[in-house]
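One structure is given here, and the rest of the page talks about it.
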C-alpha cells in the first residue's frame, strides 16, 4: 500500500480528536501525578499507559492492517508499516510541571520514518512532518535558526561517563555558546535552539526518529554520528540547522575516532 498525504491527514484528525479529548485530564495532573520507575530507571505514569492503548484503538479502527511499536506496550501487528508511539514524551516534565510535555507518533514504512506528529499539549501547538514536505507548526512552515556555531545552543543528550562522550563535550563546549540538557526539542523547530546531539542515551527509536524527520523537514540535516546518513535504529544522532551541521559532525566523529584505540585495547585486555 502507498501511504499518501490524504492517508496521513485522515490519521492526524483521528489522533488529534483523541489528544484534544484527553488534554484536560493530562493538564489536571501536570506537576502532581504519581509515577512508577521502570527497569531502565525512566519513569512512567498511568497516563502514559492508558493513552498509548487509546491511540492504538483509534488507529486500528482507521486502518487494521498497520502495526504498532509503543514505548509502554511494545510491538503488535505489521512490522513493515507501523506507528511508533511515545504517548507522553517528557514524562519527567509532566511530573515536575514543566512545559515540555508532548504526544508523539511516527509512521514507519519499509523501515523508513515517513510521517511524524508532535503535539505539545501545554501550549496547544501541533508540529507535523511528512517525508518530502516542509515541517509545520500549527499549519505554518517552520524556520530553523541561522546562528553560527559560536552563537549556538545545542541540546546535549550524551553519556559523558563514556570516553567518547566526554571527549565530545571537551571538543564541542569551547566552540558553542551553550550546551543544554532536558530542553524541549521543539524549540529547535521554533528557532530557539540550533540542534540536538545524542550519544549512548537511554532514548529509543520513538524518541529520535521523529526528531530527525522533523528537523530534516525544516531544512536541517540529520545523520548518525560518524556516518553520512541516518538509520533510525541507531540512536546516536546529530540533527541541527544546516549552518552548524558539518562542523559539529566533524568534531563528534573526531571524538569517536580518538578513543577507538583505547577502547580496542580495553576490549583486548578484557578478553585476555
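Residue numbers (our numbering): 130 to 401. The beta carbon of each residue, even a glycine, is placed where N, CA and C say it ideally should be.
query                                                                                                               : result
Inter-residue CB distance, residue 337 and residue 326 (contact presumed, cutoff 8 Å)                               : Incorrect: roughly 11 Å between the Cβ atoms, too far for contact.
Secondary structure of residue 186, DSSP reduced to three states                                                    : helix
Sequence-distant residues of the same chain with beta carbon closer than 8 Å to residue 196, five excluded per side : 204, 205, 206, 207, 208, 209, 210, 211 and 212
Cβ-Cβ distance between residue 282 and residue 322 below 7 Å                                                        : yes
Euclidean distance between Cα positions of residue 352 and residue 359                                              : 4 Å
Residue 369 versus residue 349 - alpha carbon distance                                                              : 6 Å
Cα-Cα separation, residue 148 to residue 223                                                                        : 15 Å
Residue 255 beta carbon less than 7 Å from that of residue 244                                                      : no
DSSP three-state assignment for residue 298, whether helix, strand or coil                                          : helix
Proximal residues to residue 271 (C-beta, below 6 Å), its chain only, five neighbours per side dropped              : 264, 318 and 347
Given 8 Å, three or more beta-carbon pairs between the region 141–156 and the region 181–188                        : yes
First and last residue of the uninterrupted beta strand (DSSP E) at residue 308                                     : 307–309
Within 7 Å, strictly: CB atoms of residue 273 and residue 376                                                       : no
CB contact below 7 Å: residue 332 versus chain D                                                                    : The structure shown has no chain D; it contains just one protein chain.
Nearest-angstrom beta carbon gap, residue 385 and residue 355 [assumed within contact, 8 Å]                         : 5 Å
Residue 177 beta carbon less than 7 Å from that of residue 237                                                      : no
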